[in-house]
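Reading through the structure tokens given below for one structure.
In my numbering, the protein residues as written are 5 to 202.
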């Protein structure tokens with residue numbers, strides 16, 4: 005390796021050859037020693053874990069909510085937080101957070117509503133022949149307060165489309181209006197029961 009080694013009061017002093025400019029930190033030296041020693045000679049054993057982990061209460065509630073919605077026939081939709089200004093202004097009167105360097109006009113502001121993304125998901129399903137769709141999204145929206153500083157909120161939005169008899173096609177946005185015998189009141193009762201809300 006051609007490294008100069010000398011003892012010092014705090015341990016070891018390493019003198020590097022001028023050709024090894026890539027060794028800048030202690031970890032670089034450790035990696036070089038391990039490479040010469042042979043990685044295959046190190047035992048493939050993970051160090052013992054002495055800590056602990058605990059899922060946050062909000063995470064538990066979120067997973068319970070998602071399982072409940074899945075049981076009610078909803079599929080989760082994940083949409084982009086960057087949207088066109090014209091789209092977000094159709095569904096929210098809140099001024100959006102504008103990007104200084106958007107990649108395109110379709111991604112120039114941060115969304116202030118989940119509805120445009122859910123409608124786009126619904127439209128994609130419709131064009132692929134899926135006429136009855138139940139979607140939800142639990143995602144962040146971004147608004148400006150008076151400072152102005154962006155504030156993140158995490159709302160939930162539902163959307164569903166139902167193909168009725170003939171060519172009728174109903175689209176409902178907002179809290180579930182219900183079909184197949186599941187109305188809004190029964191759905192909220194089901195949520196309260198599953199989420200242990202008192």
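Note that the Cβ used here is the ideal one computed from N, Cα and C, for glycine as well.
Here the structure is a predicted model, which is why all the values come from computation and not from measurement.
DSSP bridge partner residues for residue 114 (one or two, in chain order): 86
When DSSP labels each residue in this structure, what does residue 38 get in the three-state scheme? helix
May I ask you to verify whether the region 108-125 touches the region 82-91, counting CB pairs closer than 8 Å and requiring at least 3? yes
Status (buried if at least 16 other CB within 10 Å, exposed otherwise) for residue 173: Per-residue confidence for residue 173 stands at a pLDDT of 49, beneath the threshold of 50, marking its modelled position as unreliable; no derived number is given.
So for residue 55, helix, strand or coil by DSSP? coil
For residue 145 versus residue 118, is the C-beta distance shorter than 8 Å? yes
Taking its Cβ as the centre, do 16 or more other Cβ atoms sit within 10 Å of residue 25, making it buried, or is it exposed? exposed
Taking Cβ to Cβ, would you say residue 20 is nearer than 8 Å to residue 9? no
Whole-angstrom C-beta distance between residue 66 and residue 142, which should lie under 8 Å: 7 Å
In three-state DSSP terms, what is residue 81? Reduced to three states, the DSSP call for residue 81 is coil.
Counted within 10 angstroms of its Cβ, other Cβ atoms place residue 138 as buried (16 or more) or exposed: buried
Quick one: grab the DSSP three-state call for residue 173. Note that residue 173 has pLDDT 49, beneath the 50 cutoff, so the model's placement of it is unreliable and the number below is only indicative. In this structure, residue 173 counts as strand in the three-state DSSP scheme.
Nearest by alpha-carbon distance to residue 236: which of 94, 48, 77 and 5 is it? In the structure displayed, the chain extends from 5 to 202; residue 236 sits before or after that span and is not available.
Using the three-state DSSP reduction, which class does residue 17 fall into: helix, strand or coil? strand
Can you give the Cα-Cα distance for residue 22 and residue 42, rounded to whole angstroms? 24 Å
Which value, in whole angstroms, describes the spacing of the CA atoms of residue 32 and residue 161? 50 Å
Less than 8 Å between the beta carbons of residue 83 and residue 47, yes or no? Against a cut-off of 8 Å, the Cβ pair of residue 47 and residue 83 comes out as no contact.
Nearest CA to the CA of residue 34: which residue from 50, 56 and 7? When only C-alpha atoms are compared, the closest one is 7.
Leaving aside the five residues before and after residue 44 along the sequence, list all residues of the same chain whose C-beta is less than 6 Å from its C-beta, in chain order. Cβ neighbours of residue 44 beyond the five flanking positions: none.
I need the boundaries of the alpha helix (DSSP H) containing residue 71, first residue and last residue. 61-75
So for residue 181, helix, strand or coil by DSSP? At residue 181, the pLDDT of 38 sits below 50, so the modelled position is not reliable and the matter cannot be decided from this model.
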